[in-house]
Structure formats: structure tokens, C-alpha cells
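J.:
Residue numbers (the working numbering): 72 to 312.
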């Protein structure tokens with residue numbers, strides 16, 4: 072359905088752009104005639120009279136295209152567009168006033184440069200939309216073909232089958248007490264000392280030897296002997312309780 076609609080839409084946009092260019096050409100021709108006659112009336116050489124409409128209306132067309140397409144210095148293009156349009160409108164109005172001396176004639180005369188501006192801008196926008204539709208159609212419907220390496224060596228190793236990965240079922244996590252509660256539980260129930268070295272150190276301290284002397288005899292620090300003795304006494308206290 073979409074593939075059948077896109078070409079029709081693109082064709083309609085292209086036809087509208089061509090019609091807009093035709094209208095712009097007719098309006099440009101009418102303005103060209105008026106500005107050429109105005110140039111001759113004000114002492115322009117007849118063979119150079121065409122330079123005035125080309126300068127004014129041509130500036131309008133170029134500035135319109137630049138403002139619609141360019142992304143850099145767009146303000147400059149718009150400034151030239153406004154200046155060229157105003158100059159062309161004023162010149163066409165002066166020519167009509169000298170011929171008719173009628174506000175209606177002046178109003179009719181200023182229509183061609185304005186129509187030229189609008190039609191050229193519309194044609195550019197339609198052309199850009201047509202290009203965008205074609206790009207979108209190619210992107211949406213063209214199949215993606217992987218590049219083929221023509222120089223593949225026939226002696227390459229055959230492709231190995233890929234083993235399937237079996238995902239293990241989720242493991243239920245047992246309810247675990249928060250860290251502060253677990254730390255408090257460990258402090259409340261000290262572990263008994265089973266290590267032979269610790270038992271020896273505890274026995275030496277129980278026989279009256281100092282912590283430092285027991286540590287030096289066993290080759291450990293005084294603090295470690297102190298921890299062993301303290302843990303042993305806490306275990307005895309818990310067992311007695």
C-alpha cells in the first residue's frame with residue numbers, strides 16, 4: 072500500500088514544482104518588460120535595458136534559493152531577498168504610475184515581482200520535499216544486501232556451528248538480614264577459638280604471661296593475642312550465661 076502511494080505522491084510534488092516554476096517564469100517576464108521600459112525611459116541605453124530587471128529580479132531569485140537551501144549566512148540571504156524584492160516592487164510601481172497614474176495600475180504592477188518571489192520559494196520547497204520522499208522510500212523498502220567478498224579463499228576453514236546458550240533459571244535469593252543486623256548478631260555471639268596457635272596463646276596468658284611476651288614467643292603481634300584472648304573470654308561468658 073505504502074509502496075504504491077509514494078510514487079504518486081512524488082509525481083504530484085514534481086508536477087506542482089514545475090507549475091510553480093512556470094508561474095515564476097511568467098511573472099518574471101512581466102516584471103522584466105516593465106523594468107526594461109523604465110530603464111529606457113530614464114536614459115538607459117536600449118541595448119543595456121535588460122540589465123536592470125536581471126539585476127533586481129535575478130537577485131530576488133538567487134536570494135530566495137539561498138535562503139531556502141543554505142544553512143550558513145542565511146540572514147545575509149534573507150537581507151538580499153528583502154532588499155531585492157522591495158527594489159523590484161518599487162520600480163514596477165513607478166513604471167505603472169507613469170503609464171496610468173492610477174493606484175489600481177500600481178497595485179497590479181507590483182504583483183509580478185511578489186508572485187516571482189513566492190513561486191520560486193514554493194518550487195524550491197516542493198523540490199526538497201520530493202527528494203525527501205524518494206530518500207524515505209528507498210530507505211524504507213530497499214532490502215539491505217550484505218557485501219559479498221569475491222576474493223574469499225576456498226581453502227578457508229568451514230564455518231563452525233554455533234552452540235546454543237542455555238539460560239539458567241533465576242536463582243531465588245533467600246531473605247538476608249540487613250548488614251547492620253548481621254554485624255550486631257556476630258558481635259552478640261562470638262565464635263569460639265579453635266585454632267591451635269590461638270589456644271596456645273590463650274594458655275600462655277592464662278598461666279600469667281603478658282600479651283606482648285606471648286606474642287613474641289609465638290611470633291605474632293600483641294594485638295592478635297589480645298583478640299584471641301578477648302574472643303575466648305566472650306565465648307566463655309556466653310556459654311556460662
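C-beta: ideal position from N, C-alpha, C; glycine also.
Please read these numbers as outputs of a predicted model, since none were measured by experiment.
1. Which residues mark the beginning and the end of the alpha helix (DSSP H) in which residue 120 is found?
2. Starting from the Cα of residue 121, find the closest Cα among 100, 267, 266, 138 and give me that residue.
3. Rank 148, 113, 169 by C-alpha distance to the C-alpha of residue 130 and give the top, closest one.
4. Kindly list the residues whose CB is nearer than 7 Å to the CB of residue 192, restricted to its own chain and excluding five residues on each side of it in sequence; keep chain order.
5. If you follow the alpha helix (DSSP H) that residue 147 is part of, which residue opens it and which one closes it?
6. In whole angstroms, what separates the C-alpha of residue 283 from that of residue 305?
7. Please report the Cβ distance between residue 300 and residue 273, rounded to the nearest whole angstrom; I am assuming they are in contact, meaning their Cβ atoms lie under 8 Å.
8. Spatial neighbours of residue 159 within its chain, please: CB distance less than 7 Å, with the 5 preceding and 5 following residues excluded, ordered by chain position.
9. Helix, strand or coil for residue 98, going by three-state DSSP, please let me know.
10. Do you know offhand how far residue 173's Cα is from residue 163's?
11. Quick one: Cα of residue 303 to Cα of residue 278, how far?
12. Note down the Cα distance separating residue 79 from residue 119, rounded to an integer number of angstroms.
13. Near residue 268, what residues of its chain come up, given a Cβ to Cβ distance below 8 Å and the 5 sequence neighbours on each side ignored?
14. Would residue 168 and residue 182 qualify as a contact pair, given that the criterion is a beta-carbon distance under 8 Å?
15. Give the DSSP-derived three-state secondary structure of residue 142 in the structure shown.
16. Report yes if the CB atom of residue 187 is closer than 8 Å to the CB atom of residue 98, and no otherwise.
17. Do residue 94 and residue 197 have their beta-carbon atoms positioned less than 8 Å apart in this structure?
18. Indicate whether residue 157 and residue 109 have their beta-carbon atoms separated by less than 8 Å.
19. Taking only the alpha-carbon atoms, compute the straight-line gap between residue 112 and residue 105 and give it to the nearest angstrom.
20. Rounded to the nearest angstrom, how far is the Cβ of residue 296 from that of residue 311, given a contact under 8 Å?
21. What three-state label does DSSP hand residue 291 in the structure shown?
T.: Short version:
1. Run containing residue 120: none; DSSP gives neither H nor E here.
2. 100
3. Checking every option, the nearest Cα to that of residue 130 belongs to 148.
4. 135, 139, listed in sequence order.
5. 145-171
6. 21 Å
7. 6 Å
8. 102, 127, 128, 131, 184, listed in sequence order.
9. The answer is helix: DSSP assigns residue 98 an H, G or I state.
10. 13 Å
11. 15 Å
12. 46 Å
13. 289, 291
14. no
15. coil
16. yes
17. Taking 8 Å as the Cβ cut-off, residue 197 and residue 94 do not qualify as a contacting pair.
18. No, the pair does not count as a contact, with Cβ atoms beyond the cut-off.
19. 11 Å
20. Contact doesn't hold; Cβ gap of about 23 Å is too wide.
21. coil
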